[in-house]
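Notes for the one structure printed next.
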Amino acid sequence: MKKFLALFAVIVFLSSCSEYQKALKSEDVAVKFVSATKMYEAKKYSKAIRLFEQIAPAYKGKPSAEKMFYMYSQSLYKTEQYYLAGYQFESFVASYPKSEKIEEASFLGAKSFSFLSPVYSLDQTDTYKAVDKLQDYIDTYPEGQNMVEANLLTKKLREKLEKKAYENAVIYNTISNYKAAMVALDNFIINFPGTPYKEKALFYKLDSAYSLAINSVPSKMEERLENAKVAYSSLIKFKADTEYKLKADEMLARIENDLKQFSK
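Set out below in structure tokens:
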């Protein structure tokens, strides 16, 4: 019995392969569609994609085009070809606005772009695009079945953008471009008011203001020392027991001492 079943399985497999090869070579798009559907349903997505690619141009406008392009998009997604999947899902949503699959396609298209988001230290163009697409889904389907995951993905991507913005601001302090650091850190704090990096950002703003002041020419030093005092106050007001308290107090002592020369 086992030998019979094994033999039957081999026959079915060979038959399937033969049918697939014939479909690839066939000029009949209907034959290709039937074979592609079988490959898709059997989860042989790479084979299905080869056939979908062949018939996609000819299927636009056909009654079964909606089903074909949905399976094509899903096949790309299942094989982790996220750039192409995102594009195909976007195209599906635009082409079939009344489809019962439109919500799923909208979400999977956005999710595809989220997979393209690189580590925070690299260019974040794809991250911004993923956030925009996910937000579109959230706004369009506030009661959508994928809402929880969409919100979690958006939160994760926004945190990445936040970290990138913080690192970009701090780098100016690192390279001693203190004027640019103060502006960048101010903008970061404004753009991300609830950020967990706020304490660090306020300290680096103080450090930048302090470094700029003590290295200034006499004509600009007093004003910059006063600005550094304001930066110190902002840090202490935000968190009186900041982990940077010792360093900040040392800076303040130097600032106060240097200001004495201007009060005479």
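For the sequence shown, position 63 (counting from the first letter as 1) is numbered 63 according to this note's numbering, and the numbering increases by one without interruption. Virtual Cβ for every residue (Gly too), placed ideally from N, Cα, C. On a predicted model such as this, the values are computed, not experimentally measured, just so you know.
Here the C-alpha atom of VAL183 lies approximately 13 Å from the C-alpha atom of ALA228. Residue environment for ILE49: buried (at least 16 other C-beta atoms within 10 angstroms of its C-beta). One thing to note: LYS32 has its Cβ within 8 Å of the Cβ of ILE55. Straight through space, the alpha carbons of TYR77 and TYR83 are spaced by roughly 9 Å. Buried is the label assigned to GLY109, since at least 16 other Cβ atoms lie within 10 Å of its Cβ.
CA-to-CA, the gap between TYR72 and ASN168 works out to about 40 Å. Assigned with DSSP and collapsed to three states, SER75 falls in helix. Between the segment 114-123 and the segment 148-160 there are three or more C-beta pairs closer than 8 Å, enough to call the two in contact.
Residue ranges of uninterrupted alpha helix (DSSP H) with 4 or more members, entirely inside the segment 70-127 and ordered along the chain, are 82-95 and 102-115.
A Cβ-Cβ separation of about 6 Å places GLN124 in contact with LYS164 under the 8 Å criterion.
Judged by their CB atoms, TYR45 and SER35 are not nearer to each other than the 8 Å cut-off. Here the C-alpha atom of ASP28 lies approximately 11 Å from the C-alpha atom of ALA58. For LYS205, the closest of SER234, GLU222 and GLU66 by C-alpha to C-alpha distance is SER234. Pairing ILE138 with PHE107, the inter-Cα distance amounts to about 9 Å. In the DSSP annotation of this structure, LYS60 is not part of any alpha helix (DSSP H), being labelled neither H nor E. The three-state secondary structure of PHE33, taken from DSSP, is helix. Within the same chain, and ignoring the five residues on either side of ASN146 in sequence, the residues whose Cβ sits closer than 6 Å to its Cβ are PHE107. SER211 and LYS220 have their C-alpha atoms spaced approximately 13 Å apart.
Under a 10 Å Cβ-count criterion, GLU256 is classified as exposed, with fewer than 16 other Cβ atoms of the shown protein chains found around its own Cβ.
One Cα belongs to LYS239, the other to ALA253, and the distance between them is close to 19 Å. Counting along the chain, the unbroken alpha helix (DSSP H) around TYR166 starts and ends at 147-174.
For the options ALA213, LEU185 and ASP207, the alpha carbon positioned closest to that of LEU259 is the one of ALA213. Rounded to whole angstroms, the separation of the alpha carbons of GLN261 and LYS247 is 23 Å. Where ALA253 is concerned, the enclosing alpha helix (DSSP H) starts and stops at 245-259.
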